[in-house]
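Counting in numbering that gives the first Met the number 0, the sequence shown runs from 0 upward without gaps. The beta-carbon is built from N, C-alpha and C at its ideal position, and this holds for glycine as well. These numbers were taken from a predicted model, which means no experiment stands behind them.
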Amino acid sequence: MTTIPKPHWRPHPTRRLILQGAASVALLGLGNLPFAPARAAANDKYPEEAFRQKSEADAIKALYGKAAEPSDKVKLDAPEIAENGGVVPISVTTTLDKVTSISFFVAENPNALAASYRIPDGTIPAVANRLKMARTTKLTAIVEADGKLYSATKEVKVTVGGCGG
């Protein structure tokens with residue numbers, strides 16, 4: 000009696016098949032998540048007029064309509080000396096409640112408003128960025144919390160070639 004050998008071949012899942020399956024499962028899972036914060040942020044009006052202003056005071060007025068008061072509850076972290084004005088690292092944190100926005104103003108830049116962020120309810124109010132600074136200037140961070148404006152400022156010296164002078 001002759002026996003026919005069983006084939007050694009078994010269908011093995013390929014990498015492409017595994018990735019397609021994983022992507023399908025991930026997309027199906029995303030269907031149940033609410034995307035209301037993303038839609039709400041997309042509906043915010045871009046503050047185009049504020050970004051066009053040349054002076055810091057005009058940019059603050061265009062963005063918020065009022066002046067900010069200095070506060071020790073707003074912590075602005077920026078270097079005292081920036082060796083490269085093209086990438087100055089900055090960050091802002093605050094202990095204030097009900098924060099709705101955080102903005103950065105660079106007084107001596109061609110346009111004073113450098114960045115503005117809407118902070119969704121329930122989010123930790125902390126923002127970090129790298130700003131371009133044309134020259135040594137005052138950097139101002141404004142935090143809008145519970146309808147009031149609070150600020151912190153710091154002088155940042157921009158050096159040429161990192162010489163410190």
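Buried versus exposed, by CB contacts within 10 Å (16 or more), residue i
{"i": "Ala35", "result": "The pLDDT assigned to Ala35 is 45, lower than 50, so where the model puts this residue is not dependable, and the model offers no usable value."}
{"i": "Ala77", "result": "buried"}
{"i": "Pro124", "result": "buried"}
{"i": "Ser54", "result": "exposed"}
{"i": "Ala66", "result": "exposed"}
{"i": "Glu79", "result": "exposed"}
{"i": "Thr136", "result": "buried"}
{"i": "Val157", "result": "buried"}
{"i": "Val159", "result": "exposed"}
As assigned by DSSP and simplified to three states, the class of residue i
{"i": "Ile59", "result": "helix"}
{"i": "Glu68", "result": "strand"}
{"i": "Ala111", "result": "coil"}
{"i": "Glu143", "result": "strand"}
{"i": "Ala169", "result": "Residue 169 falls outside the range modelled here, since the chain spans only 0 to 164, and no answer is possible."}
Proximity of residue i and residue j at Cβ, strictly below 8 Å
{"i": "Pro198", "j": "Ser115", "result": "Here the chain has residues from 0 to 164 only, and residue 198 is not among them."}
{"i": "Ala72", "j": "Thr94", "result": "In the sequence as presented, Ala is not what sits at residue 72; that position holds Lys. Result yes, Cβ atoms of Lys72 and Thr94 sit closer than 8 Å."}
{"i": "Ala49", "j": "Ile101", "result": "no"}
{"i": "Leu112", "j": "Leu62", "result": "yes"}
{"i": "Phe104", "j": "Ala144", "result": "no"}
{"i": "Leu75", "j": "Lys147", "result": "no"}
For residue i, the residue or residues it bridges with in DSSP
{"i": "Arg129", "result": "Pro88"}
{"i": "Lys189", "result": "One cannot answer for residue 189 here, as it falls past the ends of the chain, which runs 0 to 164."}
{"i": "Lys74", "result": "Thr92"}
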